[in-house]
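Peer 1: Take this structure first; my questions come after.
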Amino acid sequence: MIMTPKTKCRFCGADVTQTFVDLGMSPLCESYVSQDRLNQMEPFYPLHVKVCSNCFLVQLEEYVAPENIFSDYAYFSSYSDSWLAHAKAYTDKMIEQFGLDKDSFVVELASNDGYLLQYFVGRNIPVLGIEPASNVAVVAEEKGVPTLVKFFGRELAGELAEEGKKADLILGNNVLAQVPDLNSFVAGMKILLKPNGVITLEFPHLLRLVAENQFDTIYHEHFSYFSFLTTDHIFKAHGMKVFDVEEISTHGGSLRVYGCHQEDGSKPESSKVTALLEREKVAGCDKLEYYESFGEQVEKTKYQLLEFLIHAKKSGKTIVGYGAPGKGNTLLNYCGIRTDFIDYTVDRSPHKQGKFLPGTHIPIYHPDRITETRPDYVFILPWNLKDEIMQQMAHIRGWGGQFFVPIPSPTVFP
Ligand SMILES: [Zn+2]
3 MIMTPKTKCR FCGADVTQTF VDLGMSPLCE SYVSQDRLNQ MEPFYPLHVK
53 VCSNCFLVQL EEYVAPENIF SDYAYFSSYS DSWLAHAKAY TDKMIEQFGL
103 DKDSFVVELA SNDGYLLQYF VGRNIPVLGI EPASNVAVVA EEKGVPTLVK
153 FFGRELAGEL AEEGKKADLI LGNNVLAQVP DLNSFVAGMK ILLKPNGVIT
203 LEFPHLLRLV AENQFDTIYH EHFSYFSFLT TDHIFKAHGM KVFDVEEIST
253 HGGSLRVYGC HQEDGSKPES SKVTALLERE KVAGCDKLEY YESFGEQVEK
303 TKYQLLEFLI HAKKSGKTIV GYGAPGKGNT LLNYCGIRTD FIDYTVDRSP
353 HKQGKFLPGT HIPIYHPDRI TETRPDYVFI LPWNLKDEIM QQMAHIRGWG
403 GQFFVPIPSP TVFP
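When the count follows our numbering, it moves up by one through the sequence shown with no breaks and lands on 416 for the last residue.
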């Protein structure tokens with residue numbers, strides 16, 4: 003019998019022993035390697051995800067301290083057109099729905115490069131960004147978005163509240179999963195929120211991760227994976243409630259949950275809340291069996307993907323990547339795909355160009371490289387942006403090039 007160290011649930015504190023999926027050893031997915039470091043060692047950590055059999059929070063142990071992950075983060079949100087459009091639409095909706103104006107105060111947790119708060123600033127609504135990665139925070143400040151370079155939790159929330167900086171709107175997009183001390187983070191939101199304030203959080207929906215086989219969205223930076231049921235429990239445990247929820251398309255299927263203080267009677271509960279809780283129960287999210295079969299499904303996908311790549315290479319085809327997202331690195335490392343299959347990848351972010359993917363050392367170039375080398379297949383790593391990318395790169399069809407997407411199952415788009 004293999005003994006693994008005991009871990010406690012990040013939310014409820016119970017022992018966590020049940021495997022959800024084990025993706026082996028992987029480097030940090032945002033640690034792009036520069037040319038001069040190619041011959042050096044890279045740290046690899048386990049990507050072994052478990053599920054708590056008490057509260058069903060799917061979680062990854064904190065193998066790497068967040069200070070080592072987030073202090074110099076290569077992800078600049080502003081390099082995706084569709085993500086910017088999403089941010090703009092969100093700000094318009096919030097301003098209208100909750101009547102935000104120059105007397106309101108909006109706080110974003112993990113505000114990245116100011117990609118979203120800039121739209122509130124443009125409408126003269128006071129904002130504060132909180133962002134632990136100093137290199138992206140600098141870019142935000144340049145856009146006129148005031149930014150605190152700190153980790154958010156009980157302590158910082160208490161300091162801000164004491165300075166009279168309580169918020170009408172607290173938002174966190176794709177941050178909840180990345181919080182190692184989940185309870186401190188959620189308690190902090192409660193402290194920072196005005197009595198009638200609103201919290202909105204967006205995060206990938208576990209129901210979609212399982213249904214659509216999105217195992218590559220698992221990486222060391224993502225400590226937790228939430229069903230709506232679990233999210234609802236967490237809000238309740240901290241004296242808050244979820245009063246509305248939307249299913250949105252970002253990151254392969256996310257939830258936007260709306261929370262407020264438990265005692266805030268001004269916000270009636272939407273029927274969408276009960277409907278989604280019910281749907282998750284029907285799917286089995288409150289039973290351990292639901293989580294047990296995922297690993298097998300992931301292994302099957304790996305075999306199919308490798309079969310396709312081996313067949314393509316044996317037939318003399320050339321394959322290149324598009325994009326250098328974190329999810330690509332989980333996929334490539336788990337499947338053992340290096341330059342033996344993919345000659346190179348490209349990315350629009352100049353911060354990634356000239357570097358190499360962590361672990362696999364696939365080089366990253368400017369997208370023009372694809373037009374120069376005319377490959378047979380373009381392997382789209384950020385499959386959640388596939389429509390946008392296939393449109394941008396439609397000209398590859400001119401030389402008979404085809405798109406390939408690995409998730410939910412390996413598929414060629416002629
Ligand atoms: Zn638990």
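The beta carbon of each residue, even a glycine, is placed where N, CA and C say it ideally should be.
Being a predicted model, the structure only gives us computed values, none of them experimental.
Restricting to runs no shorter than 4 residues, where is the alpha helix (DSSP H) found entirely within the stretch 21 to 66?
Peer 2: Runs of the alpha helix (DSSP H) inside the stretch 21 to 66: none found.
Peer 1: For ligand 1, is there a heavy atom less than 7 Å away from the beta-carbon of residue 56?
Peer 2: Within the sequence shown, numbered from 1, the residue matching residue 56 stands at position 54. Yes, since a heavy atom of ligand 1 falls inside the 7 Å radius drawn around the Cβ of residue 56.
Peer 1: Could you check which residue in 134, 315 and 96 has the C-alpha nearest to that of residue 127?
Peer 2: Along the sequence shown, one-based indexing puts residue 127 at 125. Nearest of 134, 315 and 96 to residue 127, Cα basis: 96.
Peer 1: Beta-carbon within less than 6 Å of residue 388's beta-carbon, same chain only, minus the 5 sequence neighbours each way: which residues are those?
Peer 2: Sequence index remark: in the sequence shown, residue 388 carries index 386 (1-based). 382 and 407, listed in sequence order.
Peer 1: Looking at the secondary structure, which residues open and close the beta strand (DSSP E) in which residue 262 lies?
Peer 2: If you number the sequence shown from 1, residue 262 lands on position 260. Its beta strand (DSSP E) spans residues 256 to 263.
Peer 1: In angstroms with no decimal places, state the Cα-to-Cα distance between residue 137 and residue 280.
Peer 2: In the sequence shown, the residue the question calls residue 137 occupies position 135. In the sequence shown, the residue the question calls residue 280 occupies position 278. Residue 137 and residue 280: Cα-Cα distance of roughly 43 Å.
Peer 1: For residue 360 versus residue 386, is the C-beta distance shorter than 8 Å?
Peer 2: Taking the first residue of the sequence shown as position 1, residue 360 is located at position 358. Taking the first residue of the sequence shown as position 1, residue 386 is located at position 384. Not in contact: residue 360 and residue 386 (Cβ atoms no closer than 8 Å).
Peer 1: Quick check: the Cα distance between residue 321 and residue 414, rounded to an integer number of angstroms?
Peer 2: As a first step, residue 321 is located in the sequence shown; it is residue number 319 there, counting from the start. As a first step, residue 414 is located in the sequence shown; it is residue number 412 there, counting from the start. Spanning the two alpha carbons is a distance of roughly 12 Å.
Peer 1: Where residue 202 and residue 260 are concerned, what is the direct C-alpha to C-alpha distance, given to the nearest angstrom?
Peer 2: As a working mapping, residue 202 is identified with position 200 in the sequence shown. As a working mapping, residue 260 is identified with position 258 in the sequence shown. Near 5 Å, if we compare the C-alpha coordinates of residue 260 and residue 202.
Peer 1: Contact check, residue 60 vs residue 226 under 8 Å by CB: the rounded distance?
Peer 2: Position 58 of the sequence shown, counted from the first residue, corresponds to residue 60. Position 224 of the sequence shown, counted from the first residue, corresponds to residue 226. 7 Å between Cβ atoms; contact.
Peer 1: Check whether the Cβ of residue 153 lies closer than 7 Å to any heavy atom of ligand 1, and answer yes or no.
Peer 2: The residue labelled residue 153 in the question sits at position 151 within the sequence shown. No, ligand 1 has no heavy atom inside 7 Å of this Cβ.
Peer 1: Does residue 175 pass the burial test, meaning 16 or more other C-beta atoms within 10 Å, or should it be called exposed?
Peer 2: Locating residue 175 in the sequence shown gives position 173, counting from the first residue. The residue is buried, with at least 16 neighbouring Cβ atoms inside 10 Å.
Peer 1: Flag residue 187 as yes when its Cβ comes closer than 7 Å to any non-hydrogen atom of ligand 1, and as no otherwise.
Peer 2: For the purposes of this step, residue 187 is taken as residue 185 along the sequence shown, with counting starting at 1. Every heavy atom of ligand 1 is 7 Å or more from the Cβ of residue 187, so no.
Peer 1: Need the endpoints of the alpha helix (DSSP H) that residue 190 sits in, please.
Peer 2: Here the question's residue 190 lines up with position 188 in the sequence shown. First-last of the alpha helix (DSSP H) with residue 190: 184 to 194.
Peer 1: In angstroms, rounded to a whole number, what distance separates the CA positions of residue 354 and residue 120?
Peer 2: For this step, residue 354 is matched to residue 352 along the sequence shown. For this step, residue 120 is matched to residue 118 along the sequence shown. Going by the C-alpha atoms only, they are around 24 Å apart.
Peer 1: Quick one: Cα of residue 111 to Cα of residue 268, how far?
Peer 2: Translated into the one-based positions of the sequence shown, residue 111 becomes position 109. Translated into the one-based positions of the sequence shown, residue 268 becomes position 266. The alpha-carbon atoms of residue 111 and residue 268 are separated by roughly 24 Å.
Peer 1: Hey, would you say residue 221 sits closer than 8 Å to residue 31, going by beta carbons?
Peer 2: As a working mapping, residue 221 is identified with position 219 in the sequence shown. As a working mapping, residue 31 is identified with position 29 in the sequence shown. Result yes, Cβ atoms of residue 221 and residue 31 sit closer than 8 Å.
Peer 1: Of the choices 192, 251, 26 and 265, whose alpha-carbon is the least far from that of residue 1?
Peer 2: Because the chain here runs from 3 to 416, residue 1 falls outside it and cannot be looked at.
Peer 1: How long is the line joining the alpha carbons of residue 208 and residue 235, rounded to whole angstroms?
Peer 2: In the sequence shown, the residue the question calls residue 208 occupies position 206. In the sequence shown, the residue the question calls residue 235 occupies position 233. Cα to Cα, residue 208 sits roughly 15 Å from residue 235.
Peer 1: Is it buried or exposed, residue 416, if we count other Cβ atoms within 10 angstroms and call 16 or more buried?
Peer 2: As a working mapping, residue 416 is identified with position 414 in the sequence shown. So residue 416 counts as exposed.
Peer 1: For residue 334, I'd like the list of residues in its chain whose CB is within less than 6 Å of its CB, leaving aside the five on either flank, ordered along the chain.
Peer 2: Your numbering for residue 334 matches position 332 in the sequence shown. For residue 334, where only same-chain residues beyond five positions count, the Cβ hits under 6 Å are 362.
Peer 1: Can you check whether the CB of residue 300 is closer than 8 Å to the CB of residue 275?
Peer 2: On the sequence shown, position 273 is the one that residue 275 refers to. On the sequence shown, position 298 is the one that residue 300 refers to. No, they are not a contact pair.
Peer 1: Hey, how far is the Cα of residue 410 from the Cα of residue 67?
Peer 2: What you label residue 410 is simply residue 408 of the sequence shown in a count that begins at 1. What you label residue 67 is simply residue 65 of the sequence shown in a count that begins at 1. Near 31 Å, if we compare the C-alpha coordinates of residue 67 and residue 410.
Peer 1: Are the CB atoms of residue 282 and residue 182 nearer to each other than 8 Å?
Peer 2: As a working mapping, residue 282 is identified with position 280 in the sequence shown. As a working mapping, residue 182 is identified with position 180 in the sequence shown. In this structure, residue 182 does not lie closer than 8 Å to residue 282 by Cβ.
Peer 1: Residue 113 and residue 133 look like a contact to me (Cβ under 8 Å); what is the Cβ gap, rounded to whole Å?
Peer 2: For the purposes of this step, residue 113 is taken as the residue at position 111 of the sequence shown. For the purposes of this step, residue 133 is taken as the residue at position 131 of the sequence shown. Yes, they are in contact, since the Cβ atoms of residue 113 and residue 133 sit about 5 Å apart, within 8 Å.
Peer 1: Per DSSP, what are the beta-bridge partners of residue 246 in this structure?
Peer 2: Along the sequence shown, read from residue 1 onward, the residue named residue 246 stands at position 244. Bridge partners of residue 246: 260.
Peer 1: Could you tell me which residues DSSP puts in a beta bridge with residue 298?
Peer 2: What you label residue 298 is simply residue 296 of the sequence shown in a count that begins at 1. Looking at the DSSP assignment, residue 298 forms no beta bridge with any residue, so it has no partner.
Peer 1: Going by CA-CA distance only, name the one from 9, 8, 10 and 15 that's closest to residue 239.
Peer 2: Walking along the sequence shown from the start, residue 239 turns up at place 237. Nearest option by C-alpha distance: 15.
Peer 1: What do you reckon, is the C-beta of residue 16 under 7 Å from a heavy atom of ligand 1?
Peer 2: Stepping through the sequence shown from its first residue, residue 16 is reached at position 14. Checking every heavy atom of ligand 1 against the Cβ of residue 16, one is found closer than 7 Å.
Peer 1: Might you give, ordered along the chain, the residues of its own chain that have their beta carbon closer than 6 Å to the beta carbon of residue 328, omitting 5 neighbours on each side?
Peer 2: Residue numbering aside, residue 328 sits at position 326 when the sequence shown is read from its first letter. So the qualifying residues of the chain are 31, 32 and 221.
Peer 1: What separation, rounded to the nearest whole angstrom, lies between the Cα atoms of residue 306 and residue 315?
Peer 2: What you label residue 306 is simply residue 304 of the sequence shown in a count that begins at 1. What you label residue 315 is simply residue 313 of the sequence shown in a count that begins at 1. When rounded, the distance between both Cα atoms is 14 Å.
Peer 1: For residue 289, which residues from the same chain have a beta carbon less than 8 Å from its beta carbon, with the 5 sequence-adjacent residues on both sides left out?
Peer 2: If you number the sequence shown from 1, residue 289 lands on position 287. Closer than 8 Å at the Cβ level, and outside the excluded window around residue 289, lies no residue.
Peer 1: Looking at the strands, I want to know which residues DSSP matches up with residue 323.
Peer 2: To locate residue 323, count along the sequence shown from 1; it is residue 321. Beta-bridge pairing links residue 323 to 381.
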